[in-house]
Every structure is written in structure tokens, then in C-alpha cells.
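Using my numbering, read the sequence shown as starting at 40 and increasing by one per residue.
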Amino acid sequence: MLPSKGRVTSRLHPTLSLYVNRFSTSDGLIITINGATILQPDIVTDNGILHIVDRIIAPVGSHMTIAEYLENPQVRGLSFR
40 MLPSKGRVTS RLHPTLSLYV NRFSTSDGLI ITINGATILQ PDIVTDNGIL
90 HIVDRIIAPV GSHMTIAEYL ENPQVRGLSF R
């Protein structure tokens, strides 16, 4: 389940983080992860919990540019190619 707010460690790598925010608007509660809005949270599956978001997200690991990341990726299997 999602934490109420703050930083959580990514399951991709222990040095990568995801940032969760919750805030209220006139339309109701908004939950974001790394800026992506959660459309449907906490879907329980056989192998974990799924959250439907409005865009692709990646963990925040550094301030590298995409070019720098491609030269020296931090997480195997996470690729921009």
C-alpha cells in the first residue's frame, strides 16, 4: 500500500527513490508518485500491488541527463533505448 507521503525506496534498486505526495483539491484527494498522478491505487495482484498512473515514471536516482544515463546506467534492465 502507498505511504501517506514522503520518500520510499524503489523495488528496482535500493539506492533509487520514489516520492509520494497527497493533497486535497476541490475535486478530492490527489496522490502522486514522482509527479505522476495515481488514477487507481492499491490493486492487489498475485505477485504484488499495482497502481495505475497517468504517465510513465522512473525512480529518482541522480541528477544525470538521459545521455549520461545511457553512457553509465545505474539499474540493469531500465533502458531508454
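We treat Cβ as the ideally placed atom computed from N, Cα and C, and that holds for glycine.
Q) For R50, which of G87, T104, I91 has the nearest alpha-carbon? A) Of the listed residues, the one whose Cα sits closest to R50 is G87.
(Q) Along the chain, where does the beta strand (DSSP E) containing R46 start, and where does it finish? (A) Looking at the DSSP string, the run of the beta strand (DSSP E) that includes R46 is 45-48.
Q) Taking the alpha-carbon positions, what's the I82 to T76 distance? A) Counting only the Cα atoms, T76 lies some 15 Å from I82.
Q) Among residues of its own chain, excluding the 5 on either side of Y58, which ones have a beta-carbon nearer than 6 Å to its beta-carbon? A) Excluding positions up to five away in sequence, the list reads R46, N73.
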